[in-house]
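Inspection log for the structure reproduced underneath, given as structure tokens.
Numbering (this note's numbering), first residue to last: 10 to 262.
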């Protein structure tokens with residue numbers, strides 16, 4: 010797992026505090042609390058319908074909170090301006106407009122970051138340079154995701170929130186993407202991301218948030234979670250299943 014860059018202040022990071030949320034009157038998150046420290050990569054995992062996307066949307070303000078609070082550096086994050094100052098967000102289904110050229114998207118992302126040469130190394134690391142003259146509509150799904158990832162990582166926001174950023178990459182591409190994320194984390198950027206493949210989460214995450222039915226069932230480093238099931242070598246998928254079984258057993262009549 011990724012080694013986190015430690016900071017001395019306990020209030021330096023992102024705090025998700027007793028967050029609950031609803032969609033169409035139905036609860037999708039129930040009393041979820043954890044933190045994301047500077048330089049940390051936190052992976053949110055769980056089965057389909059667990060609330061992973063809802064959690065990320067609640068954190069960045071797309072999904073209104075029914076209860077709870079999101080704080081950064083000890084202060085509640087208020088309206089749009091506060092959230093825009095703190096977060097860069099890449100939704101799962103987001104794509105640039107098909108008629109836009111890759112070069113134009115890159116320059117827009119750079120201007121948003123306040124620099125016309127921002128992200129040169131990032132551009133190369135994401136292998137986007139050869140695509141600059143192409144239209145977005147001509148790109149593969151993986152190329153579009155790399156472009157969206159550039160937009161999120163090019164910003165100077167201290168917290169980057171990514172919904173399923175790794176799912177469309179082949180193993181070789183994934184190595185490069187993981188290296189980019191780790192480099193940004195070493196520079197102090199905080200990452201909160203949902204990951205479908207638990208093997209990917211095991212490779213990249215500093216800590217893991219386990220969700221099921223909108224509820225937090227565990228959070229910690231992989232060694233911490235393995236200790237909960239007294240199995241120091243178990244892969245993350247087995248850890249998740251065994252912790253989930255334990256929680257279900259505790260609430261069974």
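For every residue, glycine included, the Cβ atom is placed at its ideal position computed from N, Cα and C. Computed from a predicted model, the values in this text were never measured in an experiment.
Closest Cα partner of residue 116 within the set 201, 221 and 164: Here residue 116 refers to the residue found at position 107 when the chain shown is read from its first residue. The option with the nearest alpha carbon to residue 116 is 164.
Residue 83 burial status per 10 Å Cβ neighbour count (16 or more: buried): The residue given as residue 83 occupies position 74 in the chain shown. Under this definition residue 83 is an exposed residue.
Proximity to residue 60 [Cα-Cα], best of 226, 236 and 199: Here the question's residue 60 lines up with position 51 in the chain shown. Of the candidates 226, 236 and 199, the one whose C-alpha sits nearest the C-alpha of residue 60 is 226.
Cα-Cα separation, residue 56 to residue 228: On the chain shown, residue 56 is found 47 positions in, with the first residue counted as 1. On the chain shown, residue 228 is found 219 positions in, with the first residue counted as 1. In this structure, the CA atom of residue 56 is about 15 Å from the CA atom of residue 228.
Residues sharing a beta bridge with residue 43, DSSP: By one-based count along the chain shown, residue 43 stands at place 34. The partner list for residue 43 (beta bridge, DSSP) reads 25.
Own chain residues within Cβ distance below 8 Å of residue 32, not counting five before or after: Along the chain shown, read from residue 1 onward, the residue named residue 32 stands at position 23. These residues qualify, in order along the chain: 63 and 72.
Spatial neighbours of residue 132 in its chain, beta-carbon cut-off 6 Å, leaving aside the 5 residues before and after: The residue you call residue 132 lines up with position 123 of the chain shown. Correct list, in chain order: 138.
Beta-carbon proximity check, residue 22 vs residue 197, cutoff 8 Å: The count along the chain shown starts at 1 and reaches residue 22 at position 13. The count along the chain shown starts at 1 and reaches residue 197 at position 188. Going by C-beta atoms, residue 22 is not nearer than 8 Å to residue 197.
Proximity below 8 Å, CB of residue 112 to CB of residue 142: Looking up residue 112 in the chain shown gives position 103. Looking up residue 142 in the chain shown gives position 133. Result yes, Cβ atoms of residue 112 and residue 142 sit closer than 8 Å.
Beta-carbon contacts of residue 187 that lie in its chain and below 7 Å, excluding the five residues immediately before and after: Translated into the one-based positions of the chain shown, residue 187 becomes position 178. Same-chain partners within the cutoff: 212 and 213.
Start-to-end residues for the beta strand (DSSP E) that takes in residue 80: For the purposes of this step, residue 80 is identified with residue 71 of the chain shown, where counting begins at 1. Annotation for residue 80: the continuous beta strand (DSSP E) segment containing it runs 76-81.
Where residue 216 falls: helix, strand or coil (DSSP): Start at 1 with the first residue of the chain shown, and residue 216 comes out as number 207. Note: residue 216 maps to strand in three-state DSSP.
Burial state of residue 8, where buried means 16 or more other Cβ atoms lie within 10 Å: Nothing about residue 8 can be read from this structure; the chain reaches only from 10 to 262.
Of the residues 104, 79, 110 and 256, the one placed nearest residue 158, counting alpha carbons only: Taking the first residue of the chain shown as position 1, residue 158 is located at position 149. Across the set 104, 79, 110 and 256, the C-alpha of 104 shows the shortest separation from the C-alpha of residue 158.
Beta carbon of residue 166 nearer than 8 Å to that of residue 89: The count along the chain shown starts at 1 and reaches residue 166 at position 157. The count along the chain shown starts at 1 and reaches residue 89 at position 80. No, the Cβ-Cβ distance between residue 166 and residue 89 is not below 8 Å.
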